[in-house]
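Novice:
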């Protein structure tokens, strides 16, 4: 036990600053957490569904949960049930065997039902294309709010994409131009 | 058993590991399988293809066997006009699902093949549509089809009930379905249903130029991208007996070991988390992140995708980078040592690990368990240590072994493998031979067969390639999860349901690699 505590104390806090979303975003990064709270009245909850990926996107989404990215510190957490989720994070080209499960997961979600497609394959099927077993991108099955490109997108991009999707849905119209959000 | 004992005309493929190809007759098919099994050999994979023949096209069933001598790829050409091939599932139980998937993709059945339930096709395409067979292009789609129920084996008795899990699981993981039959907390039977991620990769290969196929192979299972890309490139290079530069071979091995460490680090953390020791997850995920960030900085990709390319590797390692690698190995080794001590002294953690999900050596051998999970059940076998191949044999690579076959043993083997891989990476980085990192492959004007066999972090991966110049006629990629998934069904018997995530994670099998 002593060794465990010692390790925790010596390690300190490894979390890094949240992503800077830049001037082209409707909501400045530091207000996102407040916006999430204002709009949803609670933390942003995400249900992840792998609809047929190669599993690399899952590895990188899992990584957003590590101490560096401090996802929960931003008021975002992954949940087990779609009934508790505000956002659906979908990876992979959608395999025909998974299309039904994906649709049902979406139907089980309450509003606002934000859908974010993660990875190149989720955009248009990527390297797997379309055939007897694969439908192609997530857009073929669900209305997608935001796409995150990459093969796989690194955790920072995933995080930025999640924030961007919330921002797209709930951001105020752009403020006076030239005034960066900070 | 030396393959030479069996009267087959074998042809040695131009691969760095000993791989032979041979053809056999229908009456030899079972005898050969039996001889391999008796001699302690294993069935690695089974697949089929439709090849051009004198009279139109002929169906060919292929099996890959491994023994202490190497790998033997045997083709059986079926007589025209139907008729199957002898069923291997009685000798090698892992053939069951391989034969069922072959039946769905090509319409070739084993005889008698007692289990004919569909495996990859959940009803998404018609049962008489065979995507790998002419004239089906595999590009047809059947969007209006309904998915079908699967006839699970029912367990009856007082108080027996079923728990259905998946395909969408409660975490950031891949989809698959588990059907538990339980009494109270105790698992009587687990039956898996996989295939949810079937993407028709075999069909997709046939539309790609051979020189590009490594990218698709590298996306069969993202956590094993180096292993598959290397196996594919090994197969492609063997077609024309191309020799890759020595420096490239060392860098490939370096990438493979970095992939091994990355996966073990992630799983060692997740295993502690599944036993409610979140500290382990935080610590190991931090180490894994450091590891992946250095990959990004030195090799331009966190998971090393597309780093192995035909003829060599895509990125070189500068002397400054080599120093960084060595320094990182030292730092990670010291941290892992401390964390290992914490794990081993944590009574609660060990209580969950020890004796859980046990696979005896006998069961492991019978079911063909492979990779680090087999080594944790006392079955020695590691391509890096068993054969002479640069750069592994130069460094006297040691394989990790344990005898207990439980979650604790798989954790121990993973810790040992991290240590050995860190040692290898230090050596590969500091003694890297000078020279080119890529060579141009000569064009091959005719149809040839090649194979690649690599010890990935999960186990041995196999790529069997048939190409005609730039055209891929058939490419079969085999993930070790095919062998290990059925063993998981046995590993959980008699355990309690809450230990399933722990047992499952201790194997961490690939859904994508299996479903392909």
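Protein chains in written order, with this note's numbering: chain A, 1 to 182; chain B, 1001 to 1516.
We put the CB at the ideal spot given by N, CA and C, even for glycine.
Predicted model, so just to flag it, every value in this text is computed and none were measured.
1) So, with DSSP's three-state summary, where would you put residue 160 of chain A?
2) Only counting runs of 4 or more residues, tell me where the alpha helix (DSSP H) segments fall wholly within the region 1276-1348 of chain B, in order along the chain.
3) Going along the chain, which residues of the region 96-119 of chain A sit with their C-beta nearer than 7 Å to a C-beta in chain B?
4) Just tell me which of B:1086, B:1118, B:1050, B:1267 has its CA closest to the CA of residue 1173 of chain B.
5) Could you run through the region 1175-1200 of chain B and flag, in chain order, every residue whose CB is less than 7 Å away from some CB of chain A?
6) Would you call the region 1214-1222 of chain B in contact with the region 1241-1251 of chain B, where contact means no fewer than 3 C-beta pairs closer than 8 Å?
7) Would the beta-carbon of residue 1259 of chain B fall within 8 Å of that of residue 1226 of chain B?
8) Look at the alpha carbon of residue 1360 of chain B and the alpha carbon of residue 1042 of chain B, and state the distance between them as a whole number of angstroms.
9) Based on DSSP bridge pairs, tell me the residues matched to residue 1190 of chain B.
10) Should residue 1252 of chain B be labelled buried (16 or more other beta-carbon atoms within 10 Å of its own) or exposed?
11) Roughly how many whole angstroms lie between the Cα atoms of residue 1510 of chain B and residue 46 of chain A?
12) Less than 8 Å between CB atoms is the rule here; does residue 49 of chain A satisfy it with respect to chain B?
13) What residue does the alpha helix (DSSP H) around residue 970 of chain B start on, and which one ends it?
14) Taking Cβ-Cβ distances below 7 Å as the criterion, which residues of the region 1288-1319 of chain B are in contact with chain A?
15) Taking the alpha helix (DSSP H) that residue 1426 of chain B belongs to, which residues open and close that run?
16) In chain order, what residues of the same chain have a beta carbon less than 7 Å from the beta carbon of residue 1250 of chain B, not counting five sequence neighbours either side?
17) Per DSSP, residue 1011 of chain B is paired with what?
18) Does the beta-carbon distance from residue 1306 of chain B to residue 1314 of chain B come in below 8 Å?
19) The alpha helix (DSSP H) with residue 1234 of chain B in it runs from where to where?
20) What I want to know is whether the C-beta of residue 1208 of chain B ends up closer than 7 Å to one or more non-hydrogen atoms of the ligand ATP.
21) Short check: CB of residue 971 of chain B to CB of residue 1108 of chain B, under 8 Å?
22) By a C-beta neighbour count over all protein chains shown, 10 Å radius and 16 as the cutoff for buried, is residue 1519 of chain B buried or exposed?
23) Is the Cβ of residue 59 of chain A closer than 8 Å to any Cβ of chain B?
24) Can you tell me where the alpha helix (DSSP H) with residue 1036 of chain B in it begins and where it stops?
25) Since residue 125 of chain A contacts residue 136 of chain A with CB under 8 Å, what's their CB separation in whole angstroms?
26) Quick check on residue 1512 of chain B - is its C-beta less than 8 Å from some C-beta in chain A?
27) Go ahead and pull the three-state DSSP assignment for residue 1270 of chain B.
28) Can you give me the C-alpha to C-alpha distance between residue 1367 of chain B and residue 1070 of chain B, rounded to a whole angstrom?
29) Starting from residue 150 of chain A, find everything on chain B with Cβ-Cβ shorter than 7 Å and list it in chain order.
30) Give the DSSP bridge partners of residue 1065 of chain B, in chain order.
31) Under 8 Å Cβ-Cβ, which residues of chain A neighbour residue 1049 of chain B?
32) So what's residue 1457 of chain B in DSSP terms, helix, strand or just coil?
33) Assuming residue 1218 of chain B and residue 1229 of chain B form a contact by the criterion Cβ under 8 Å, report the distance between their Cβ atoms to the nearest whole angstrom.
34) Per DSSP, which residues does residue 1533 of chain B bridge with? Please list them.
35) Identify the contact partners of residue 1125 of chain B in chain A, using a Cβ-Cβ distance below 8 Å as the criterion.
36) Can you give the Cα-Cα distance for residue 59 of chain A and residue 1262 of chain B, rounded to whole angstroms?
Specialist: Looking at the atomic coordinates:
1) helix
2) 1278-1299, 1319-1344
3) 96, 97, 98, 100, 101, 105
4) B:1267
5) 1175, 1195, 1196, 1197, 1198, 1199, 1200
6) No: fewer than three Cβ pairs fall under 8 Å.
7) yes
8) 17 Å
9) B:1180
10) buried
11) 23 Å
12) yes
13) Chain B is shown from 1001 up to 1516; residue 970 of chain B falls before or after that span and cannot be answered.
14) 1289, 1302, 1303, 1305
15) Bounds of the alpha helix (DSSP H) holding residue 1426 of chain B are 1407-1430.
16) 1391, 1428, 1432, 1433
17) Residue 1011 of chain B pairs with B:1021.
18) Result yes, Cβ atoms of residue 1306 of chain B and residue 1314 of chain B sit closer than 8 Å.
19) Element bounds for residue 1234 of chain B: 1225-1239.
20) Ligands in the displayed structure: none, and consequently the ligand ATP is not present.
21) Any answer about residue 971 of chain B is impossible in this case: the structure gives chain B only from 1001 up to 1516.
22) The displayed coordinates of chain B run from 1001 to 1516. Any statement about residue 1519 of chain B would go beyond what the structure contains.
23) yes
24) 1026-1038
25) 4 Å
26) yes
27) In the structure shown, residue 1270 of chain B sits in a helix (DSSP, three-state: H, G or I).
28) Taking the straight line from one Cα to the other gives about 20 Å.
29) In chain order: nothing, as chain B lies at least about 10 Å away.
30) B:1043, B:1072
31) Per Cβ cutoff of 8 Å: no residues; residue 1049 of chain B is ~17 Å from chain A at best.
32) coil
33) 4 Å
34) Residue numbering for chain B in the displayed model covers 1001 to 1516; residue 1533 of chain B lies beyond these limits and cannot be assessed.
35) Simply 96, 132, 133.
36) C-alpha separation (whole angstroms): 11 Å.
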